[in-house]
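Each protein sequence line maps, in turn, to chains R and Y. Our numbering puts the first residue of the first sequence at 6, with every later residue one more than the last. Our numbering puts the first residue of the second sequence at 653, with every later residue one more than the last.
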Amino acid sequence: MEDAIKVDGLTKRFRAEGAPAVDAISFTVPRGQIVGLLGGNGAGKTTTISMLLGILVPTSGVIRILGHDMLRHRFRALPALNFSSPYVDLPGRLTVRENLSVFGGLYGVADLPARIDELAHELDLTALLDRKTGSLSSGQKTRAALAKALVNRPELLLLDEPTASLDPDTADRVRGHLEAYAKRSHASILLASHNMGEVERLCADVLMMKAGRIVDRGAPDALIRRYGRDTMEEVFLDIARGTGNGESEAAQ
Amino acid sequence: MSGSLGRIGAMLKRHLYLFRGSWTRVFDLMYWPMLQMLLWGFMTVYLNQHSSWFANAAGVLIGSVLLWDVLVRSQFGFTFSLLEEMWSRNLANLFVSPLRPFEFGVSLMVMGVVRSLIGIVPAALLAIPMFHYSVFEMGLPLVAFWVLLIGFGWAAGLIIASLLFRFGLAAESYAWALVFVLQPVSGVWYPVDTLPVWLRPLAWALPSTHVFEGMRSVVYRDEFRWDLLASAAALDAVYIGLGFAAFLYAFSRARVRGQLLQSSE
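See the structure below:
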């Protein structure tokens with residue numbers, strides 16, 4: 006079975022004369038694996054995710070999602086894909102149930118009312134289903150957005166900071182849910198996060214981005230050992246600031 | 653095909669939920685058509701008392717204002733539904749789903765019809781007891797005029813949506829103002845002959861002009877002009893085709909420039 010994500014030479018330039026936002030990156034995400042996409046602000050994570058989702062056309066390169074060429078046949082892959090980002094909202098004047106009903110309809114989900122009830126139960130949204138999404142707290146909105154991201158039981162989930170603005174208890178439960186979902190559904194998850202604890206807990210593999218390039222890759226434990234550090238946070242700082250010796254070793 | 657209809661249905665549901673949750677939006681749709689109808693209704697009463705020519709064609713101004721509002725509400729309904737997605741930062745959610753741009757466009761067209769019906773029908777009904785004028789007495793020609801003006805409203809909505817995809821919410825003011833450029837040259841209140849000679853070719857290039865000339869023909873001479881109907885339908889087809897081409901092109905350029913995400917963020 007082909008990888009969930011296969012990217013080759015992916016580049017995006019917004020201006021012909023400027024530096025590329027994403028510079029000839031190549032990577033794969035195997036089926037059933039949770040992979041982290043890390044990097045500082047402006048490293049190219051959101052641009053990369055946008056290209057994977059098909060809402061941004063790359064300047065060059067190849068993207069294959071679940072075996073489909075995203076540049077030519079993205080509508081074959083999109084039904085099995087979903088995403089969540091704190092930078093994109095659900096319509097605030099619709100209730101949570103209405104939003105899930107609309108997106109379930111867009112994805113052609115069978116037996117939608119039962120699926121909505123199931124998600125509400127799993128994400129502790131039952132009491133919030135008939136409340137306007139705009140009236141929810143930021144943590145509740147994040148859970149509602151996650152329910153939307155799971156409504157079609159995606160084979161591939163792209164998550165941009167899925168636990169941003171959640172309190173530690175809720176964030177922990179969301180991580181547990183994502184872990185369980187990936188295991189149960191054999192789904193793949195590409196996770197962009199600034200929470201290094203979350204990355205260490207969830208990700209089997211991590212892609213480190215800097216200035217539009219993938220500068221390192223490996224399992225969290227392996228990266229920590231390679232950089233001679235104790236935590237992923239220290240590894241992140243080494244890479245972001247260009248200090249430490251892991252990066253040069255990786256390049257060699 | 654059924655998947656496509658299901659996605660269009662989901663988009664319609666999204667906007668109908670919005671109405672259900674906010675009755676002020678529904679009243680907002682009715683407010684301007686009602687106000688316009690009252691204004692021109694009283695104007696008609698006054699003119700009827702002072703002009704035998706107007707007395708012979710009572711209600712033509714009310715008919716004009718109601719039909720003009722069909723065009724305006726169709727365009728507003730189309731554009732407003734797109735703006736709702738931009739205001740709520742929802743475009744990225746929609747376009748990472750299997751929703752095709754074409755299906756999105758069709759759902760906006762249907763919402764143009766729904767919003768124009770909600771806006772115009774109450775005003776048209778109120779005109780009957782208020783001014784003893786029923787636009788519905790035009791019969792089948794009214795249906796033809798309504799369809800043609802809805803179609804031209806779609807075309808205008810598609811062009812304005814292209815501007816919104818290109819320039820984002822910076823182009824929002826065009827959504828409310830652009831259609832009124834058409835009013836002076838569409839012969840809404842006066843025949844095309846009133847316009848200077850050099851402006852008439854431009855007026856005849858608009859389907860709305862053919863509709864309003866056709867309406868006056870029905871009201872003043874009780875004659876339905878099939879030639880005007882045919883030319884308006886042909887022009888509608890051209891403008892809708894051009895509008896859809898511009899809409900799809902602007903959408904594809906927005907994907908290249910990354911504006912679908914920017915308009916959401």
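Heads up, the beta-carbon is just placed ideally off N, CA and C, and yes, glycines get one too. Quantities reported herein were computed from a predicted structural model and do not represent experimental measurements.
Within the same chain, and ignoring the five residues on either side of Y:LEU681 in sequence, the residues whose Cβ sits closer than 6 Å to its Cβ are ARG767, ILE770, GLY771. Residues of the segment 668-680 of chain Y with a C-beta less than 7 Å from any C-beta of chain R: TYR669, LEU670, GLY673, SER674, listed in chain order.
Interface annotation for the segment 745-779 of chain Y against chain R: ASN745, LEU746, PHE747, VAL748, SER749, PRO750, LEU751, ARG752, criterion Cβ-Cβ distance under 8 Å. According to the DSSP secondary-structure assignment, Y:SER759 is paired through a beta bridge with no residue. Rounded to the nearest whole angstrom, the C-alpha separation of Y:LEU854 and R:ILE10 is 54 Å. Close to R:LEU207, with beta-carbon spacing below 8 Å, lies no residue of chain Y; the smallest spacing is near 22 Å. Secondary structure note for R:SER89: its beta strand (DSSP E) is the uninterrupted segment 86-89. If you draw a 10 Å sphere on the C-beta of Y:TRP806, you find 16 or more other C-beta atoms in it, and that means buried.
Under the 10 Å beta carbon count, Y:ILE780 is surrounded by fewer than 16 other beta carbons and is classified as exposed. Taking C-beta separations shorter than 8 Å and ignoring five residues to either side along the sequence, the partners of Y:SER869 in its chain run GLU875, PHE876, ARG877, LEU880, following chain order. Residues of chain R with a Cβ closer than 8 Å to the Cβ of Y:GLY820 do not exist, since the nearest Cβ in that chain sits about 15 Å away.
Contact residues of the segment 76-101 of chain R toward chain Y are PHE80, LEU83, PRO84, LEU86, ASN87, PHE88, SER90, TYR92, VAL93, ASP94, LEU95, PRO96, GLY97, ARG98, LEU99, THR100 (C-beta to C-beta distance below 8 Å).
Closest option to Y:PHE756, judged by alpha-carbon separation, among Y:ILE660, Y:TRP856, Y:MET867, Y:LEU719: Y:ILE660. When the alpha-carbon of R:GLY59 is set against those of R:GLY45, R:LEU76, R:GLY47, R:VAL101, the nearest one is in R:LEU76. In the DSSP assignment, R:PHE19 falls outside any beta strand (DSSP E) and carries neither an H nor an E. Residue-level contact check: Y:VAL724 does not touch chain R, since none of the beta carbons of chain R fall below 7 Å from its beta carbon. In this structure, the CA atom of Y:GLY866 is about 16 Å from the CA atom of Y:ARG852.
At a cut-off of 7 Å between beta carbons, Y:GLY910 contacts chain R. Proximity of chain Y to R:VAL34 at the Cβ level (cut-off 9 Å) is not reached, the minimal Cβ distance being about 17 Å. Within chain R, the residues GLY113 have their CB atoms less than 8 Å from the CB of Y:GLY655, given in chain order. Checking the DSSP bridge columns, you'll see R:PHE32 partnered with R:VAL12.
In the structure shown, Y:SER733 falls within a helical segment according to DSSP collapsed to helix, strand and coil. Taking one beta carbon from each stretch, the segment 168-184 of chain R and the segment 106-125 of chain R have fewer than 3 pairs nearer than 8 Å; the two do not touch.
For the segment 44-74 of chain R, the set of positions with a beta-carbon nearer than 8 Å to some beta-carbon of chain Y reads THR51, THR52, SER55, LEU58, GLY59, ILE60, LEU61, VAL62 in chain order.
No Cβ of chain Y is located within less than 7 Å of the beta carbon of R:GLY41. At least one CB of chain Y lies nearer than 7 Å to the CB of R:VAL107.
Bounds of any beta strand (DSSP E) do not take in Y:ASP845, whose DSSP letter is neither H nor E. Taking CB atoms only, R:GLY110 has a neighbour in chain Y less than 7 Å away.
Between Y:ALA906 and Y:PHE783, the C-beta gap is not smaller than 7 Å, which leaves the two residues out of contact.
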